[in-house]
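Using our numbering, the final residue of the sequence shown is 377, and nothing's skipped along the way.
Even glycine gets a Cβ: it sits at the ideal position worked out from N, Cα and C.
Bear in mind that the values here come from a model prediction, so they are computed numbers and not experimental data.
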Amino acid sequence: MYTKLFRTIPVQHIPTPSARPIMTRPIVRPNSPDMDKLYRKAAELEYAEQNKYEQELSTYNKIKMEMEAQSTDVNKKGETMTPKEAAGKILDAAFVKLRAHLGTYGDSLNLIEHPLRTYAFPKFEKIFTYFAKDGRVDKQTVDRFSGYALLFIVALAVMLVAEKVTNQKEKIAKIEKELDALDKQYTNGVLDHGDIRHEIKNKQEKLRELQEELEKYENILVKLEESQHQIFLKSKDQSILRQLVNQFLSFGVNPEKQQKEEIQSYLNEQKDDVAAKLTAREITKWGSVNAVAINAEDKISQISKKEEKIKGEIEKAELSATRVAQYVIETGDKLENKQMELKNTWGYSFFSQYAKKIEEESAPTNTPATGYDI
């Protein structure tokens with residue numbers, strides 16, 4: 004039955020107390036200093052564990068509060084909206100009601116919807132920003148405003164029209180002020196140009212007088228030379244006997260006096276020549292042909308200098324007149340463009356007619372006579 008033989012069991016060696024090793028860990032007694040160190044160490048470990056527990060608890064509470072706040076915000080966003088969203092909703096509701104009120108004429112709002120939205124949106128946004136809490140507006144508040152959306156949009160439309168009218172009046176007043184300034188500039192330019200042209204005309208008249216006077220003295224010199232030349236030719240054509248007789252008769256006579264008499268005699272023969280008569284009068288005035296010639300040359304020199312000076316002044320005045328004329332032309336173009344701008348400005352025709360009507364109504368009227376003296 005039993006095929007296996009008994010095995011031998013090893014004998015465990017149990018050391019006797021005398022053979023056990025001696026304990027190396029020191030024994031700490033309750034009242035020893037080492038026991039105090041153990042107490043302090045245990046206290047430090049307990050304090051560290053307590054701090055760790057409190058930090059973990061604080062982190063847990065913080066995460067819990069954030070998760071609850073997020074869930075609250077999700078629920079809150081479903082019941083609130085931003086001021087921009089509220090303003091858009093109010094405007095949408097207002098235009099829907101306005102179109103429904105106008106009926107078949109609702110399409111006419113397409114022309115004013117965009118400017119009216121642009122004007123009204125920031126005002127509604129500002130209103131809802133005032134009512135917002137934490138940057139959001141309650142849907143009930145928006146719904147209450149939606150009930151008065153039509154009145155709001157009509158009021159804002161009136162405000163927009165009033166603002167546009169005011170802006171147009173200011174714009175028209177500004178253009179009219181610019182027109183007045185341009186008109187004054189144009190008028191002053193025309194007057195300045197007229198003054199310059201008048202000055203040029205006076206200088207040209209003075210220049211013409213100088214040229215006539217210059218021509219007079221030049222003609223005197225020409226007549227003196229002509230007279231001397233003709234007298235020389237006449238004496239050359241005379242016979243030798245006649246020349247001897249004339250030399251005898253002129254013996255003891257002053258040569259200048261004789262020359263004066265001969266030239267005056269020649270000039271007097273030219274009765275229809277104005278220059279000859281003038282030269283003869285000058286000879287009589289100065290008493291000597293040489294004196295007349297010297298005076299004429301001096302006058303020609305003086306008059307020539309004056310003539311050059313006046314010509315320079317006229318040239319400068321012509322340049323100034325050209326500049327002023329160009330300025331007047333440019334100012335006139337600006338004036339015409341500004342008048343066209345004023346004419347094409349929206350509301351100008353209406354405002355001008357209204358102002359004219361007010362002026363006519365305020366003007367005093369002549370009451371017809373009744374025939375009775377009061």
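DSSP places D301 in the helix class (H, G or I) of the three-state scheme. Contact between E82 and D146 is absent: CB atoms are separated by about 11 Å, not below the 8 Å threshold.
Looking at the DSSP output, K136 sits in a beta bridge with R139. Put simply, of S291, Q305 and G197 the residue whose alpha carbon is nearest the alpha carbon of E321 is G197. Between the segment 281 to 291 and the segment 170 to 188 there are fewer than three inter-stretch CB-CB distances shorter than 8 Å, so the stretches are not counted as touching. Here the alpha carbons of D301 and E202 stand approximately 28 Å from one another. With a cut-off of 8 Å on Cβ pairs, the segment 173 to 192 is in contact with the segment 336 to 347, counting three or more such pairs.
Comparing alpha carbon positions, the residue from A45, L101 and E166 closest to V157 is L101.
Distance from the CA of M162 to the CA of L194, rounded to the nearest whole angstrom, comes to 47 Å. The bridge partners DSSP lists for T83 are D141.
In this structure, A294 is the residue among D137, A46, A165 and A294 with its C-alpha nearest to the C-alpha of I223. Close CB contacts of A152 within its chain, under the 7 Å cut and outside five residues either way in sequence, are with I93, A96, A97 and K100 (chain order). I234 is not a Cβ neighbour of I286, given a cutoff of 8 Å. Annotated three-state conformation of W289 is helix, per DSSP. Within the model, the alpha-carbon separation for Q231 versus T325 is close to 50 Å. Assigned with DSSP and collapsed to three states, Y151 falls in coil, not helix or strand. A buried status is given to R139, since no fewer than 16 other beta-carbon atoms sit within 10 Å of its beta-carbon. Rounded to the nearest angstrom, the gap between the Cα atoms of I66 and Y122 is 45 Å.
In this structure, L210 and E311 do not form a Cβ contact; the two beta carbons are roughly 10 Å apart against a cut-off of 8 Å. In the three-state reduction of the DSSP assignment, D198 falls in the helix class. Looking from the CA of K319, the closest CA among I199, R120 and E166 belongs to I199. 8 Å or more divides the Cβ of Y189 from the Cβ of V327.
In this structure, the CA atom of A160 is about 12 Å from the CA atom of H117. Across the set F131, D137 and D275, the C-alpha of F131 shows the shortest separation from the C-alpha of S149. Cβ contact annotation for A296 (same chain, cutoff 7 Å, sequence separation greater than five): L224 and L227, in chain order. The beta carbons of E316 and K206 sit closer together than 8 Å.
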